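Student: Below is the structure I would like to discuss, written out as structure tokens.
2 protein chains.
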Amino acid sequence: MYSIGEVAKILNLSISTIRYYDKEGLLLDLERDNSGIRVFNDKNIEALRLIECLKKSGLQIKDIKEFMYWCSLGISTISKRKEMFFNQKENILNKIKELEKALNMIEYKCWYYTEAENDGNELRVKNITIKDMPKKIQELYKNIHD
Amino acid sequence: MYSIGEVAKILNLSISTIRYYDKEGLLLDLERDNSGIRVFNDKNIEALRLIECLKKSGLQIKDIKEFMYWCSLGISTISKRKEMFFNQKENILNKIKELEKALNMIEYKCWYYTEAENDGNELRVKNITIKDMPKKIQELYKNIHD
DNA sequence: ACTTGACCTAAAGTTAGGTTTAGGTGTTAC
DNA sequence: GTAACACCTAAACCTAACTTTAGGTCAAGT
């Protein structure tokens, strides 16, 4: 059993964020003590971990709320929930691909500015044609311009 | 030479987004024709591509504006610019790592719900201990709980 | 008794990154 | 010559996901 402050530390979330999730209906089975104070168990903490993953995968709070509601309905929503996870898997893979594409550009620029810094100016590096770039940089350059 | 509408189509941005970037000072050397209409050249389009990459790497508009300003200052800011790209490279790599961590959880859940769907309920899969999971799922499970 | 610290609520405020609106210009098609 | 289109500006508006504020409860320590 954990207090909201302990959970915040464990998961590195702010207290107000956790209260916000609760208010938005993301923590359906969260209990309170006699004086109304939230009492978290391990299941709640797992739920919060899952919420963070679903957020990173691109789901919005309202969608996560819907998912949590499906969970509360039991067996009848298993297929829906499965489908959602397979969709979010695709979403994450796409996000990773996007980041890798951006990384090509950034790494090209890392090379560019390393050369420019060595030269003391951009004059030479600015005019290098693709065939005169190092192999690795040629690859980056091609990936940027597809 | 391209109109704003053409650029929007090429880069899959909305016209109003491009105007917003211009207003925010991200397109310092963008020209206009006699009647005040924006005229984009290939350099401007490359700048917009770079802006998209920097955004994905986690930079905010105001930071990108600062970077564009550094560019306009020439030689004296080459080291600064280089440093920024190396920082953003780290940022992207961290983002990818975060997504891969989230992916572990999502893939575990994909397995979980595939099993549950086959069984017609969650009773069995809910109680599987780690040593009885398939090797691949054991790995995912460990990565989630570190 | 009283202060401190952790908790509570409802409601207002914040932020980034756009989008929309309202009103206007300039050029081409019929 | 007029209608349709693509462009322009300034300013208001929007949204998600929090965060902050103001006012209050409760238990433990001194």
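Sequence lines, in order, name chains S and B.
Residues in the first sequence are numbered consecutively from 13, following the numbering used here.
Residues in the second sequence are numbered consecutively from 13, following the numbering used here.
The C-beta atom is built at its ideal place from N, Cα and C for all residues, glycine as well.
The structure presented is a predicted model; accordingly, all values stated were derived computationally and were not measured.
With a threshold of 16 other CB atoms inside 10 Å of the CB of B:S127, please say whether the residue is buried or exposed.
Tutor: The residue asked about is misnamed: residue 127 of chain B is Glu in this sequence, not Ser. Buried, by the Cβ-count rule.
Student: Would you say S:A128 lies against chain B (beta-carbon separation less than 8 Å)?
Tutor: It does: the Cβ of S:A128 has a partner Cβ on chain B nearer than 8 Å.
Student: Listing by chain order, which chain S residues have their CB less than 7 Å from the CB of B:N133?
Tutor: I87, listed in chain order.
Student: Whose Cβ in chain S lies nearer than 8 Å to the Cβ of B:E151?
Tutor: Those do not exist, as B:E151 stays about 16 Å from chain S at its closest Cβ, beyond 8 Å.
Student: For the region 50-65 of chain B, enumerate the residues whose C-beta is nearer than 8 Å to any C-beta of chain S, in chain order.
Tutor: Going along the region 50-65 of chain B in chain order, one finds R61, L62, E64 and C65 with a Cβ nearer than 8 Å to chain S.
Student: Rank B:E110, B:E64, B:R31 and B:E58 by C-alpha distance to the C-alpha of B:G48 and give the top, closest one.
Tutor: Minimum Cα distance to B:G48 is reached at B:R31.
Student: For chain B, find out if any of its Cβ atoms is closer than 8 Å to the Cβ of S:E18; answer yes or no.
Tutor: Chain B contact via Cβ: absent.
Student: To the nearest angstrom, how far is it from the Cα of B:M145 to the Cα of B:N139?
Tutor: Roughly 11 Å between the two C-alpha positions.
Student: Could you tell me whether any Cβ in chain B is nearer than 8 Å to the Cβ of S:K77?
Tutor: Closer than 8 Å: no.
Student: Give the secondary structure of B:E151 by DSSP, where H, G and I count as helix, E and B as strand, and everything else as coil.
Tutor: The answer is helix: DSSP assigns B:E151 an H, G or I state.
Student: Which runs of the alpha helix (DSSP H), 4 residues or longer, sit entirely within the region 35-90 of chain B?
Tutor: As far as the region 35-90 of chain B is concerned, its whole alpha helix (DSSP H) runs of at least 4 residues are 54-68 and 73-85.
Student: Please state whether the Cβ-Cβ distance between B:M80 and B:L38 is less than 8 Å.
Tutor: Going by C-beta atoms, B:M80 is nearer than 8 Å to B:L38.
Student: Checking contacts by CB at 8 Å: is S:D72 closer than that to chain B?
Tutor: The displayed chain sequence assigns Gln, not Asp, to residue 72 of chain S. So no, S:Q72 is outside the interface.
Student: Could you give the residue range of the alpha helix (DSSP H) that holds B:K138?
Tutor: From DSSP, the alpha helix (DSSP H) with B:K138 extends over L135 to K138.
Student: Could you give the distance in angstroms between the alpha-carbon of S:I118 and the alpha-carbon of B:Y33?
Tutor: Each residue's alpha carbon lies about 20 Å from the other.
Student: Give the residues from the region 92-110 of chain B that approach chain S closer than 7 Å (Cβ to any Cβ), ordered along the chain.
Tutor: So the list reads R93, K94, F97, F98, Q100, K101, I104, K107, I108 and E110, given in the order they occur along the chain.
Student: Quick check on the DSSP output: the alpha helix (DSSP H) that includes B:K21 runs from which residue to which?
Tutor: I16 to L23 is the extent of the alpha helix (DSSP H) around B:K21.
Student: For my contact list, S:N155 and S:N116 are in at a C-beta cut-off of 8 Å; report their separation, rounded to the angstrom.
Tutor: The Cβ separation is near 4 Å, so the contact holds.
Student: If the criterion is Cβ atoms closer than 8 Å, does the pair S:Y125 and S:L152 meet it?
Tutor: Cβ atoms of S:Y125 and S:L152: not closer than 8 Å.
Student: Looking at B:K68: is its Cβ nearer than 8 Å to the Cβ of S:L23?
Tutor: No. Outside cutoff.
Student: Excluding five sequence neighbours on each side, which residues of the same chain lie with their C-beta closer than 8 Å to the C-beta of B:M13?
Tutor: Only V51, F52 and N53 meet the Cβ criterion.
Student: Do S:S84 and S:L40 have their beta-carbon atoms positioned less than 8 Å apart in this structure?
Tutor: Yes, they are a contact pair.
Student: Give me the residue from B:S26, B:I76 and B:H157 with the minimum Cα distance to B:M96.
Tutor: Per the Cα distances, B:I76.
Student: Can a CB atom of chain B be found closer than 8 Å to the CB of S:S69?
Tutor: Chain B contact via Cβ: present.
Student: Strictly below 8 Å CB to CB, what residues from chain B border S:M117?
Tutor: Within 8 Å Cβ-Cβ: R61, L62 and C65.
Student: Buried or exposed: where does B:Q72 fall if 16 or more other Cβ atoms within 10 Å of its Cβ makes it buried?
Tutor: Answer is exposed; the Cβ neighbour count stays below 16.
Student: Mapping the DSSP letters down to three states, classify B:T141 as helix, strand or coil.
Tutor: It is coil, neither helix nor strand.
Student: Distance cutoff 8 Å, beta carbons only. Does B:K138 sit that close to anything in chain S?
Tutor: It does not; no Cβ of chain S falls within 8 Å.
Student: Does any C-beta atom of chain S lie closer than 8 Å to the C-beta of B:Y33?
Tutor: No, no contact with chain S.
Student: Could you tell me which chain B residues have their CB closer than 7 Å to the CB of S:Y125, listed as they occur along the chain?
Tutor: Under the 7 Å cutoff, chain B gives I90, R93, K94 and F97.
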